[in-house]
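J.: What follows is a single structure, and I will ask about it in a moment.
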Amino acid sequence: MKPILSYQDRMHKQGRIFTILGLSVMISIPILIMLFTGVTPNIHQMVIGIGVLSLIYLPGGIVEVATYSPILGTTATYLAFITGNLANLKIPCVMNARQIVGTAIGTEENEVVSTISVVASTLTTVAIMTLGIVMLIPLRPILSSELLQPAFNWVVSALFGALGYKYFKGNLKIVAIPLLLMVVLAFLMPGFVIGNITIVIMVGAITSVLVAKLLYDKKLI
Amino acid sequence: MNLNTFMLATVNELKESWWMYLLGIFVTLFIICGALYFGWTAYQQSKKLEMDKETIKKTVISSVSFSILPSIGIFIGVITMAGLLGIPLPWIRLSVVGALHYELMALSVAAEGVTLTTLTTENFVTIAFVMTISIMWGGIFALIFFKKYQQKVINKATKDGGKGFGKILFDAFFIGMISAYIGDAVAKMIHYEVKIIENGAYVFDGNGNALTEDRSTVVPIIVMASAMLAMAFFEWLITKKKIKWLENFALSFSMIFGMTIAVLLGIGGIY
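Protein chains in written order, with the working numbering: chain A, 38 to 258; chain B, 93 to 363.
As structure tokens, then:
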């Protein structure tokens with residue numbers, strides 16, 4: 038396997054350009070709406086709104102970059118932080134692809150696989166969204182029907198259940214402590230766990246890595 | 093372009109106007125171009141590394157099949173918000189970084205207590221600004237800190253490539269993440285207070301507090317367990333019965349099984 042540096046540097050440069058363009062596209066939307074309508078936002082409400090949400094999403098942004106970027110790799114990180122849906126789609130998608138093709142972390146091959154995985158996932162989401170918009174009239178009653186609602190309410194539970202089997206199966210020694218911790222936390226502070234899933238993921242991930250390191254150092258795994 | 097044409101529009105006309113759809117197409121095209129460009133550079137790199145074409149094919153097939161169901165879930169978010177904001181703005185918002193619960197929260201703080209009948213153009217513009225700006229932090233941090241973080245922390249942790257602790261590190265990381273979602277499912281069993289959504293927005297009482305209802309449920313944990321069992325069955329088919337083509341679809345099929353259980357529970361009155 039070849040060293041990763043030169044390709045990584047190039048990808049950082051392109052990823053940063055993409056991020057700047059992406060953020061510009063994002064912010065251009067409300068600006069264009071403002072220009073087209075000739076109506077300015079309510080500054081007071083806007084400042085309060087951004088302030089309140091940033092209290093949650095500013096630290097959340099740091100935690101997400103620190104937690105998810107090692108899994109995604111260089112290019113996929115930049116792409117995923119503009120296209121979104123990290124925890125509920127991009128991260129499990131990359132982990133699944135990586136496991137199926139069997140690439141090793143820290144290699145250029147893995148970088149390629151995670152990028153192609155995020156690209157494929159992004160284009161699938163775009164295709165579904167576009168199809169949904171085009172076929173909105175026939176699709177709307179089906180997708181919002183009471184019968185199908187539970188299926189899509191719990192799509193993330195189904196996703197992590199299926200992936201859970203794959204990852205828990207071969208790592209039973211690592212699983213026990215983080216799982217127990219999360220279940221105890223859920224019993225003690227259900228509201229916190231549901232409302233702060235990004236932080237809970239970070240706590241779970243750190244615990245799990247520490248347990249794995251301990252077991253590895255003691256040659257138990 | 094005569095801006096007066098737009099200025100005269102009512103909020104109901106503007107949120108479904110052709111130019112809002114045009115903005116949606118603009119964002120979609122940007123995402124497609126960016127993704128295709130990175131896909132192409134990664135493909136070129138795979139050729140340089142002499143990677144097996146089968147690896148790339150497997151990556152694409154597994155990722156596409158995996159992404160279909162969660163993407164439908166994301167689209168349902170567009171439908172949920174469409175009641176208040178029309179289709180284009182939720183479409184734009186959920187095409188870039190964002191999520192239904194975040195957008196609803198942004199909506200409620202940007203225009204507290206707003207409903208379909210009280211929504212004004214000023215509300216709409218304010219909501220669009222708040223939704224966009226408050227979620228940009230992840231992208232900004234990726235832009236500023238990611239390169240340094242990768243060079244100083246990640247590359248060191250994974251320098252041994254496929255050997256040593258580096259091999260276990262990310263599996264452990266992901267196990268922690270799955271455990272967190274199991275914790276989330278357990279928490280929803282204990283106490284799950286949900287803000288009521290009506291016409292694409294939270295409902296508030298006279299004091300400006302969002303109305304909630306207790307929807308504690310065993311469904312997510314049952315769905316998780318069902319998907320887990322289905323995955324075990326598919327893995328058995330792949331490894332013992334040698335049905336290799338299932339490899340790329342096992343996860344999607346397991347998800348469909350879990351989701352079907354949720355529908356069946358719903359039919360039985362368990363939500």
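For every residue, glycine included, the Cβ atom is placed at its ideal position computed from N, Cα and C.
Just the chain A side, please: which residues come within less than 7 angstroms of residue 263 of chain B by C-beta, in chain order?
T.: Simply 204 and 208.
J.: On the criterion of 16 or more Cβ atoms from any shown chain inside 10 Å, does residue 267 of chain B qualify as buried, or is it exposed?
T.: Residue 267 of chain B comes out buried.
J.: Assign residue 50 of chain A to one of three DSSP states: helix, strand, or coil.
T.: The answer is helix: DSSP assigns residue 50 of chain A an H, G or I state.
J.: Would residue 166 of chain B and residue 162 of chain A qualify as a contact pair, given that the criterion is a beta-carbon distance under 9 angstroms?
T.: Yes, they are a contact pair.
J.: Hey, quick one: how far does the beta strand (DSSP E) through residue 304 of chain B stretch, first residue to last?
T.: 304-306 is the extent of the beta strand (DSSP E) around residue 304 of chain B.
J.: Pull up the CB-CB distance for residue 159 of chain A and residue 120 of chain A, whole angstroms please, since I reckon it's below 8 angstroms.
T.: Right, their Cβ atoms sit about 5 angstroms apart.
J.: With the cut-off set at 9 angstroms, would you say residue 285 of chain B and residue 228 of chain A are in Cβ contact?
T.: For residue 285 of chain B and residue 228 of chain A, yes; Cβs fall inside 9 angstroms.
J.: Are the Cβ atoms of residue 213 of chain B and residue 106 of chain B separated by less than 9 angstroms?
T.: Going by C-beta atoms, residue 213 of chain B is nearer than 9 angstroms to residue 106 of chain B.
J.: Can the beta-carbon of residue 156 of chain A be found less than 9 angstroms from the beta-carbon of residue 162 of chain B?
T.: No; because the gap between Cβ atoms is not below 9 angstroms, this pair is not in contact.
J.: Quick one: what's got a C-beta closer than 8 angstroms to residue 211 of chain A's C-beta in the same chain, skipping five residues either side?
T.: Excluding sequence neighbours, residue 211 of chain A sits near 245, 248, 249, 252 and 258.
J.: Please confirm whether residue 95 of chain A has its beta-carbon closer than 9 angstroms to some beta-carbon of chain B.
T.: With 9 angstroms as the cut-off, residue 95 of chain A counts as an interface residue toward chain B.
J.: Which residues of the segment 275-289 of chain B have a Cβ closer than 9 angstroms to any Cβ of chain A? Give them in chain order.
T.: Correct list: 275, 276, 277, 278, 279, 280, 281, 282, 283, 284 and 285.
J.: Any contact between the segment 93-105 of chain A and the segment 228-239 of chain B? By contact I mean 3 or more CB pairs, one from each, below 8 angstroms.
T.: The segment 93-105 of chain A is in contact with the segment 228-239 of chain B.
J.: Taking its Cβ as the centre, do 16 or more other Cβ atoms sit within 10 Å of residue 234 of chain A, making it buried, or is it exposed?
T.: Buried is the call here.
J.: Quick check on DSSP: helix, strand or coil for residue 341 of chain B?
T.: Here residue 341 of chain B sits in coil by DSSP.
J.: For residue 46 of chain A and residue 124 of chain B, I'd like the C-alpha separation in whole angstroms.
T.: Looking at the two C-alpha atoms, the distance is approximately 23 angstroms.
J.: Any residues in the segment 66-83 of chain A with a beta carbon nearer than 9 angstroms to a beta carbon of chain B? Which ones, in chain order?
T.: So the close ones are 66, 67, 68, 69, 70, 71, 72, 73, 74, 75, 76, 77, 78, 79, 80, 82 and 83.
J.: Just checking my contact of residue 265 of chain B with residue 242 of chain A at CB under 8 angstroms: how many whole Å lie between their CB atoms?
T.: Right, the Cβ-Cβ distance comes to about 5 angstroms (below 8 angstroms), so this counts as a contact.
J.: Can you check which of these residues, B/141, B/234 and B/291, is closest to residue 60 of chain A by C-alpha distance?
T.: Here the closest residue by C-alpha is B/234.
J.: If you run the structure through DSSP and keep just helix, strand and coil, what is residue 289 of chain B?
T.: Residue 289 of chain B falls in the strand class under three-state DSSP.
J.: Opposite residue 294 of chain B in the DSSP bridges: which residues?
T.: DSSP lists B/289 as partners of residue 294 of chain B.
J.: State yes or no: is the beta carbon of residue 205 of chain B nearer than 9 angstroms to at least one beta carbon in chain A?
T.: Judged by the 9 angstroms Cβ criterion, residue 205 of chain B is not in contact with chain A.
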